[in-house]
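Structure first, then comments.
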Amino acid sequence: MVAELDTDQPSGARGAEWCTQAGFSYRFDWGPNGLRTLAPLADVVVIVDVLRFTSAVSAAVESGSTVFPYRWADDGAAAYAVARDAHLAGRREHGELSLSPTDLLAVSTPLRLVLPSPNGSALSFAARDHGARHVLAGCLRNATATARLARRLAGATGTIAVIAAGERWHGATGPIRPAVEDLLGAGAVLTALDPAAAVSAPGCSPEAAAARAAFVAARPRLFDAIAGSGSGRELIGRGWADDVATSAALDVTDQAARLVDDAYIRA
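Residue numbers (this note's numbering): 71 to 337.
Written out as structure tokens, the structure is:
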């Protein structure tokens with residue numbers, strides 16, 4: 071059990087200095103606080119939001135498109151898209167290009183797309199502000215390609231931080247809910263960073279090793295695990311089982327997605 075906060079410390083100071091996972095090459099944490107803690111210390115940050123932002127980014131770059139991440143529910147999104155000569159994503163239920171990776175795979179002509187989301191996109195948009203040198207969009211579709219690029223960018227002695235986006239309770243502004251699909255997506259990337267190792271690679275922090283172990287356990291029935299998760303059930307209930315299947319496909323592309331300036335492009 072974590073000790074009680076020292077009353078002489080400022081509010082919110084609990085544990086930050088103990089949670090950097092110092093001494094490990096591969097690190098793992100959740101959401102905005104995890105990003106804020108690990109990004110300044112990492113050579114490479116991998117954002118994972120399997121249902122659906124980083125799967126959508128992967129699908130978009132597979133078809134040659136460029137994706138601009140942006141904050142969710144921000145009134146400036148339309149102007150941001152115009153300034154970049156880009157299309158602003160909308161909602162799938164309205165027949166628009168959206169966070170649907172299935173639809174983005176079907177794009178016949180490469181496009182420039184501003185793609186807001188409350189989790190993965192917001193984390194991507196914020197990553198540079200928190201000191202990340204290199205930012206990648208990881209998911210199940212591109213896990214090995216992402217790990218390969220991350221190792222190259224980090225170098226022999228660099229640090230790679232994998233940040234699972236999680237979901238939000240009570241809409242886009244609620245607290246973070248750890249999401250099974252993002253745990254498994256992060257674990258897939260962490261496994262691919264050192265595929266020859268046993269369940270726990272020597273360079274993994276305990277947090278990273280736990281994510282890796284979860285993926286290894288779920289890998290034989292990966293679609294069932296994703297479809298049975300809370301987020302998977304929600305998408306299937308809305309009639310988007312195709313997006314769950316598209317997002318649950320493992321290593322179906324050799325293209326990684328890298329944030330260059332303010333856009334994800336094919337790396």
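Idealized CB from N, CA, C, for every residue including glycine.
Between the C-alpha atoms of residue i and residue j, what's the straight-line distance to the nearest angstrom?
i, j, result
"Phe293", "Ala318", "5 Å"
"Arg328", "Gly298", "30 Å"
"Val116", "Gly165", "30 Å"
"Asn103", "Gln91", "14 Å"
"Arg141", "Val184", "10 Å"
"Gln325", "Ala262", "14 Å"
"Arg336", "Thr323", "11 Å"
"Leu174", "Ala151", "17 Å"
"Arg154", "Gly146", "13 Å"
"Asp144", "Ala192", "11 Å"
"Ala284", "Leu254", "6 Å"
"Ser168", "Arg161", "5 Å"
"Arg182", "Ala156", "5 Å"
"Val41", "Gly307", "This structure cannot settle anything about residue 41, because the visible part of the chain is limited to 71 through 337."
"Ala220", "Trp88", "25 Å"
"Gln79", "Arg198", "Unreliable placement is indicated for Gln79, whose pLDDT of 39 sits below 50; the coordinate value is still reported in the next sentence. Cα-Cα distance, rounded: 28 Å."
"Pro188", "Arg222", "29 Å"
"Pro276", "Ser178", "43 Å"
"Arg218", "Leu305", "30 Å"
"Ala278", "Ala176", "34 Å"
Apart from the five residues just before and just after residue i, which ones in its own chain have a Cβ nearer than 6 Å to its Cβ?
i, result
"Ala148", "Leu158"
"Glu74", "Low per-residue confidence applies at Glu74: pLDDT is 35, beneath 50, and the placement is therefore not dependable enough to give any value."
"Thr172", "Asp312, Asp313, Thr316"
Span of the beta strand (DSSP E) holding residue i?
i, result
"Pro102", "From DSSP, Pro102 is part of no beta strand (DSSP E) but of the alpha helix (DSSP H) over 101 to 108."
"Leu329", "327 to 330"
"Leu206", "204 to 208"
"Val21", "Residue 21 cannot be examined here, being either before or after the span of the chain that is shown, 71 to 337."
"Ala333", "333 to 336"
With a threshold of 8 Å on Cβ separation, who are the neighbours of residue i within its own chain once the five nearest residues in sequence on each side are excluded?
i, result
"Tyr334", "Val127, Ala130, Val131, Thr136, Val137, Phe138, Pro139, Ser194, Ala207, Ala327, Arg328"
The alpha helix (DSSP H) that contains residue i, what's its start and end?
i, result
"Leu253", "250 to 263"
"Val314", "311 to 318"
"Thr243", "Taken as a continuous stretch (DSSP letters only), Thr243 belongs to no alpha helix (DSSP H), as it is neither H nor E."
"Leu305", "300 to 307"
"Val286", "276 to 288"
"Pro171", "171 to 175"
"Arg182", "No alpha helix (DSSP H) holds Arg182; the beta strand (DSSP E) holding it covers 182 to 186."
"Thr214", "213 to 224"
"Gly190", "190 to 197"
Taking 7 Å as the limit between beta carbons, can you name the residues of its chain near residue i, skipping five residues before and five after?
i, result
"Gly244", "Arg238"
"Gly273", "Phe94, Ser95, Tyr96, Asp264"
"Ser301", "Leu121, Glu237, Ala249, Glu251"
"Arg247", "Gly236, Glu237, Arg238, Trp239"
Given a cut-off of 8 Å, decide if residue j and residue i are closer than it, judged by their beta-carbon atoms.
i, j, result
"Arg203", "Ser125", "no"
"Ala43", "Gly309", "With the chain covering only 71 through 337, there is no way to say anything about residue 43."
"Phe98", "Val232", "yes"
"Cys332", "Gly228", "The residue asked about is misnamed: residue 332 is Asp in this sequence, not Cys. In this structure, Gly228 does not lie closer than 8 Å to Asp332 by Cβ."
"Asp119", "Ala213", "no"
"Pro180", "Ser133", "yes"
- Item | Continuous beta strand (DSSP E) assignments of at least 3 residues falling wholly in the stretch 98 to 160 | 114 to 118, 136 to 140
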